[in-house]
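Heads up, the thing below is written out as structure tokens.
Residue numbers (our numbering), protein chains in the order written: chain A, 1 to 318; chain B, 1 to 119.
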């Protein structure tokens, strides 16, 4: 009952804010259309025309996208396109130069405690502190209302990592697994992970997939940046492909397989957008003309998108 | 779970349920894992498993008891058998025939004295 009440208040806050913002938009720009599509879906993270630069080096420019709840987003992009920067902007560690980010009505950079307890950012580099993982979880878990110590210990055991070991005595992989366990045990609504499978050994990668699918709350949204697409192939959906100062793709696997065909047969197609040789034949990507769905190969998708940026953007913009 | 490279994952999850129904491992009235449980077991996004379950529900193979879980329907085996037979004749047989002609094999060469046990 309490939950329903909270939700009702929360929902009315959002709709209220929407009303206000929509008005502002209609007056200011011709962005009414964008807003309309947003309000139809359950977009909870709204990134609107943001720019960020390190000194004179502009990393993100004119970036807009919406993330819906209960999804595990994969954030892909070549080195240096600003994946990590985008994650740090979303969690409030950095401030956008222009444009704005809205997460459940919060501006992340204001770093309101009520916002911070909604999210967790797992950095690529993690600190090896002079305390045991269990002590760390006890001390820092307090900052997240729904932090669950039992879940933390369960995750540590899935990852076969000893919580009684000092973090500064752990290997990089063990340390990473401790932090992943902590991140998931926070039970927060937004979880941002930067290259979480980097440094994990072979069994840990399957454990990671299991941990993520089993231990994320049903309404939480994950945004995982990665180059290790093979590790996360069946986990991430939708896929976001970030490019230098552009978002090339933000689409679910279902949409991707509706629009593109991934052909693993040996037949040659003149209309292939991309093809590469693989053991046992080739994989080619072309427009889906039959309506039949095939399995999306993320590496081939990434390369196709990079070869045909404008075509893909046109294809997926509704 | 090891996936085939060229079929969408959600269809492969359906396939494995068809196989387990036909082999008798899954029985009408039996409960199947929740979307999250199955997702965690095979390391697949729960939304993908949800798509499989939606397809199976639509086909009348499983049904959802609200708040309890997903169960195998009474006529599930018959439905799967009918669909799979149709699929076999329409999609798999032509592939086999094509391969046979490529290798210069006649039906007698292949099937000779083999008899198929009908269920």
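Where a beta carbon is used, it is the ideal one built from N, C-alpha and C, also for glycine. Computed from a predicted structure; not experimentally measured.
Classify residue 30/A as buried or exposed, calling it buried when 16 or more other Cβ atoms lie within 10 Å of its own Cβ.
Reading the first chain from its first residue, position 30 is the one you call residue 30/A. Residue confidence for residue 30/A is low, a pLDDT of 40 falling below 50, so the modelled location carries little weight; the figure read from the coordinates is stated next. Residue 30/A should be labelled exposed.
Which of the three DSSP states, helix, strand or coil, is assigned to residue 283/A?
To locate residue 283/A, count along the first chain from 1; it is residue 283. Strand.
With which residues is residue 75/A paired in a DSSP beta bridge?
Here residue 75/A is taken as the residue at index 75 of the first chain, counted from 1. Answer is 225/A and 240/A, bridged to residue 75/A.
Please state whether DSSP places residue 39/B in a helix, a strand or coil.
Taking the second chain and counting its residues from 1, one reaches residue 39/B at position 39. The answer is helix: DSSP assigns residue 39/B an H, G or I state.
Return the bridge partner residues of residue 14/B from the DSSP annotation.
For the purposes of this step, residue 14/B is taken as residue 14 along the second chain, with counting starting at 1. In DSSP, residue 14/B forms no bridge with anything.
Determine, for residue 166/A, whether the minimum Cβ-Cβ distance to residues of chain B falls below 7 Å.
Taking the first residue of the first chain as 1, we reach residue 166/A at position 166. Taking Cβ atoms only, chain B never reaches closer than 7 Å to residue 166/A, which makes this a no.
Which residues of chain B have a Cβ atom closer than 7 Å to the Cβ of residue 209/A, listed in chain order?
Residue mapping note: residue 209/A aligns to position 209 of the first chain, counting from 1. Simply 43.
Is residue 48/B helix, strand or coil by DSSP?
One-based indexing of the second chain puts residue 48/B at position 48. Of the three classes helix, strand and coil, the one that applies to residue 48/B here is helix, per DSSP.
Among 226/A, 297/A and 270/A, whose alpha-carbon lies nearest the alpha-carbon of residue 254/A?
Position 254 of the first chain holds residue 254/A. The shortest C-alpha separation from residue 254/A is found at 297/A.
Below 8 Å, how does it come out for the stretch 190-210 of chain A and the stretch 220-240 of chain A: are there three or more Cβ pairs, yes or no?
Counting Cβ pairs under 8 Å, three or more are found: they touch.
Verify whether the separation of the beta carbon atoms of residue 45/B and residue 235/A is less than 7 Å.
Locating residue 45/B in the second chain gives position 45, where the first residue counts as 1. Locating residue 235/A in the first chain gives position 235, where the first residue counts as 1. Result yes, Cβ atoms of residue 45/B and residue 235/A sit closer than 7 Å.
Between the C-alpha atoms of residue 136/A and residue 116/A, what's the straight-line distance to the nearest angstrom?
Here the question's residue 136/A lines up with position 136 in the first chain. Here the question's residue 116/A lines up with position 116 in the first chain. Taking the straight line joining both Cα atoms gives about 18 Å.
Is it the case that the Cβ atoms of residue 30/B and residue 79/B are separated by a distance below 7 Å?
Along the second chain, one-based indexing puts residue 30/B at 30. Along the second chain, one-based indexing puts residue 79/B at 79. No, they are not a contact pair.
Do residue 295/A and residue 7/B have their C-beta atoms closer together than 7 Å?
As a first step, residue 295/A must be located in the first chain, where it is residue number 295. As a first step, residue 7/B must be located in the second chain, where it is residue number 7. For residue 295/A and residue 7/B, yes; Cβs fall inside 7 Å.
Taking all protein chains shown into account, do 16 or more other C-beta atoms lie within 10 angstroms of the C-beta of residue 237/A, making it buried, or fewer, making it exposed?
Residue numbering aside, residue 237/A sits at position 237 when the first chain is read from its first letter. So residue 237/A ends up on the buried side.
Grouping DSSP H, G and I as helix and E and B as strand, with all else coil, what is residue 319/A?
Lying before the first or after the last residue shown, residue 319/A is absent from chain A, which here runs from 1 to 318.
DSSP state of residue 326/A, grouped into three classes?
The structure shown does not extend to residue 326/A, since chain A is modelled only from 1 to 318, so the question has no answer here.
Quick one, which of 43/B, 24/B and 26/B has its alpha-carbon nearest residue 10/B's?
Counting from 1 along the second chain, the entry for residue 10/B is found at position 10. Selected option, being the one with the closest Cα: 43/B.
Skipping 5 residues on each side, what residues in its chain have a beta carbon closer than 7 Å to that of residue 246/A?
One-based indexing of the first chain puts residue 246/A at position 246. Cβ neighbours of residue 246/A beyond the five flanking positions: none.
Would a C-beta distance cut-off of 7 Å place residue 133/A and residue 167/A closer than the cut-off?
For this step, residue 133/A is matched to residue 133 along the first chain. For this step, residue 167/A is matched to residue 167 along the first chain. Cβ atoms of residue 133/A and residue 167/A: closer than 7 Å.
Tell me whether residue 39/A is buried or exposed, calling it buried when 16 or more other Cβ atoms sit within 10 Å of its Cβ.
Numbered from 1 along the first chain, position 39 holds the residue referred to as residue 39/A. Per-residue confidence for residue 39/A stands at a pLDDT of 40, beneath the threshold of 50, marking its modelled position as unreliable; no derived number is given.
Where does residue 289/A fall in DSSP's three states?
Working through the first chain from its first residue, we reach residue 289/A at position 289. Note: residue 289/A maps to coil in three-state DSSP.
Below 7 Å on C-beta distance, what does residue 8/B contact in chain A?
Here residue 8/B corresponds to residue number 8 of the second chain, with the count starting at 1. The answer, in chain order, is 257, 293, 294 and 295.
Taking the alpha carbon of residue 277/A as the reference point, which residue from 96/A, 60/A, 266/A and 102/A has its own alpha carbon closest?
Position 277 of the first chain, counting from 1, holds the residue named residue 277/A. Checked all of 96/A, 60/A, 266/A and 102/A; the closest Cα to residue 277/A is 266/A.
Pairing CB atoms from the stretch 145-152 of chain A with CB atoms from the stretch 180-188 of chain A, are three or more of them under 8 Å?
Contact holds: three or more Cβ-Cβ distances are below 8 Å.
Nearest CA to the CA of residue 257/A: which residue from 46/A, 300/A and 49/A?
Within the first chain, numbered from 1, the residue matching residue 257/A stands at position 257. It is 300/A whose Cα lies nearest to the Cα of residue 257/A.
Is residue 233/A helix, strand or coil by DSSP?
Taking the first residue of the first chain as 1, we reach residue 233/A at position 233. Reduced to three states, the DSSP call for residue 233/A is coil.
Name the DSSP bridge partner or partners of residue 57/A?
Here residue 57/A refers to the residue found at position 57 of the first chain. DSSP lists 54/A as partners of residue 57/A.
Please report the residue range of the beta strand (DSSP E) in which residue 161/A lies.
Along the first chain, read from residue 1 onward, the residue named residue 161/A stands at position 161. Here residue 161/A belongs to no beta strand (DSSP E), and DSSP marks it neither H nor E.
I need the DSSP call for residue 314/A, collapsed to helix, strand or coil.
Here the question's residue 314/A lines up with position 314 in the first chain. In the structure shown, residue 314/A sits in a helix (DSSP, three-state: H, G or I).
Closer than 7 Å by beta-carbon distance: list the chain B residues that pair up with residue 217/A, in chain order.
Residue 217/A sits at position 217 when you count from the first residue of the first chain. The contacting residues do not exist; residue 217/A stays about 10 Å from chain B at best.
Here's a check: name, in chain order, each residue in its chain whose Cβ is nearer than 7 Å to the Cβ of residue 205/A, leaving out the five neighbours to either side.
Translated into the one-based positions of the first chain, residue 205/A becomes position 205. For residue 205/A, where only same-chain residues beyond five positions count, the Cβ hits under 7 Å are 197 and 231.
Let me see if you follow: with CB-CB separation under 7 Å, is residue 59/B close to chain A or not?
As a position in the second chain, residue 59/B is number 59, starting the count at 1. No, residue 59/B does not count as interfacial toward chain A.
How is residue 40/A classed by DSSP in three states: helix, strand or coil?
As a first step, residue 40/A must be located in the first chain, where it is residue number 40. Model confidence at residue 40/A stands at a pLDDT of 39, short of 50, so the residue's coordinates are unreliable; what they give is reported in the following sentence. Three-state result, residue 40/A: helix.
Taking C-beta pairs closer than 7 Å, name the residues in chain A that residue 39/B reaches, listed in chain order.
Sequence index remark: in the second chain, residue 39/B carries index 39 (1-based). Those are 213, listed as they occur along chain A.
List, in chain order, every chain B residue whose beta-carbon is nearer than 7 Å to that of residue 399/A.
Chain A is shown from 1 up to 318; residue 399/A falls before or after that span and cannot be answered.
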